[in-house]
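K.L.:
Residue 55 is where the sequence shown starts when you use the numbering used here, and the numbers rise one by one after that. C-beta: ideal position from N, C-alpha, C; glycine also.
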Amino acid sequence: MKEFNLYDAFNFLAKLGEYSESGLVKKSDAQNVVKSLVLHTLDCLNGSDLEKDFDSENECKCESKKKEEEDIAPDYSIYPNSSWIENVSYDPTKEEFTLITQEGSAYVYKNVPEELWDDLLDEYNSGQSIGDFYNKNIKGQYDRLY
55 MKEFNLYDAF NFLAKLGEYS ESGLVKKSDA QNVVKSLVLH TLDCLNGSDL
105 EKDFDSENEC KCESKKKEEE DIAPDYSIYP NSSWIENVSY DPTKEEFTLI
155 TQEGSAYVYK NVPEELWDDL LDEYNSGQSI GDFYNKNIKG QYDRLY
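(1) Of the choices Lys193, Ser159 and Leu170, whose alpha-carbon is the least far from that of proline 146?
(2) In three-state DSSP terms, what is glutamate 140?
(3) Glutamate 124 to serine 159, Cα distance in whole Å?
(4) If you draw a straight line from the alpha carbon of lysine 106 to that of lysine 148, how long is it in whole angstroms?
(5) Go through its chain and collect everything with a Cβ distance to glutamate 150's Cβ below 8 angstroms, but skip five positions before and after it.
(6) Are isoleucine 139 and threonine 155 closer than 8 angstroms when you measure CB to CB?
(7) Compute the Euclidean distance between the alpha carbons of asparagine 191 and glutamate 157, then round it to the nearest angstrom.
(8) According to the Cβ coordinates, are glycine 185 and serine 136 closer than 8 angstroms?
(9) Starting from the C-beta of lysine 121, find all residues in its chain whose C-beta is less than 6 angstroms away, skip the five residues before and the five after it, and write them out in chain order.
(10) For tyrosine 133, I'd like the list of residues in its chain whose CB is within less than 8 angstroms of its CB, leaving aside the five on either flank, ordered along the chain.
(11) Just verifying my parser: in three-state terms, what is the DSSP assignment at aspartate 197?
(12) Going by DSSP, which residues form a beta bridge with leucine 153?
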C-alpha cells in the first residue's frame, strides 16, 4: 500500500515551481512530476480500496492497493520529439483526445473515435508529424472541451 499526503504534495509542488522558474529543474522534468502526482491522486481517489483520513491539519491521506495488471488500461500516450508537442494521449473510455504543448497548454477534444487514435499511431510510427495529423484530422473537426 502507498500512502499519499495531499498537504505535503502541494508543498512539494510549490517548491518544484520555484526550482523550475529559477532553472534548477528542467520544465519538462517538473511537468512529468506533476503528471505523475495527478495520476497517482486520481488512482488513489478512484481506487476501490480507498481509505480517507482528515486530521487537524486538513491533510488527506489515502491508501490504495496496486491494481492488478489486467485492470490497468493500455498506454494511450505518445511523447514525440517535437518542438511544439510535449504529449498526446487518448482515453478510449471517454473518447477524449488530449494534446499538451511544450509550453503546458492543453487541448482536449471529445467524441474522438478510437480508430482516429489508431490512424495517428500509424502515421507517427511511419515517421509522419503528429502536429500535421492533429491540424488535418482533429483541430476544427471535433468539439474542444478546453
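P.N.:
Let's see:
(1) Working through the sequence shown from its first residue, we reach residue 146 at position 92. Here the closest residue by C-alpha is Leu170.
(2) Start at 1 with the first residue of the sequence shown, and residue 140 comes out as number 86. Glutamate 140: strand per DSSP, three-state reduction.
(3) Position 70 of the sequence shown, counting from 1, holds the residue named residue 124. Position 105 of the sequence shown, counting from 1, holds the residue named residue 159. Its pLDDT being 39, under 50, glutamate 124 is placed unreliably by the model, and the measurement read from it follows with that caveat. Taking the straight line joining both Cα atoms gives about 32 angstroms.
(4) The residue given as residue 106 occupies position 52 in the sequence shown. The residue given as residue 148 occupies position 94 in the sequence shown. In this predicted model, lysine 106 has a pLDDT of only 46, less than 50, meaning its place in the structure is not dependable; the value taken from the coordinates is given anyway. Looking at the two C-alpha atoms, the distance is approximately 27 angstroms.
(5) Sequence index remark: in the sequence shown, residue 150 carries index 96 (1-based). The answer, listed in chain order, is Tyr144, Val162, Tyr163, Lys164, Val166 and Leu199.
(6) Position 85 of the sequence shown, counted from the first residue, corresponds to residue 139. Position 101 of the sequence shown, counted from the first residue, corresponds to residue 155. Yes, the pair counts as a contact, with Cβ atoms nearer than the cut-off.
(7) Position 137 of the sequence shown, counted from the start, is the residue given in the question as residue 191. Position 103 of the sequence shown, counted from the start, is the residue given in the question as residue 157. Rounded to whole angstroms, asparagine 191 to glutamate 157 spans 22 angstroms at the Cα level.
(8) Here residue 185 is taken as the residue at index 131 of the sequence shown, counted from 1. Here residue 136 is taken as the residue at index 82 of the sequence shown, counted from 1. Closer than 8 angstroms, so yes.
(9) The sequence position of residue 121 within the sequence shown is 67, counting from 1. Any reading at lysine 121 must be qualified, since the residue scores a pLDDT of 39, below 50, and its modelled position is unreliable; the value itself is stated next. Cβ neighbours of lysine 121 beyond the five flanking positions: none.
(10) Position 79 of the sequence shown, counting from 1, holds the residue named residue 133. Cβ neighbours of tyrosine 133 beyond the five flanking positions: Glu140 and Asn141.
(11) Position 143 of the sequence shown, counted from the first residue, corresponds to residue 197. Looking at aspartate 197 - three-state DSSP - the assignment turns out to be coil, as it is neither helix nor strand.
(12) Along the sequence shown, one-based indexing puts residue 153 at 99. The partner list for leucine 153 (beta bridge, DSSP) reads Val142 and Tyr161.
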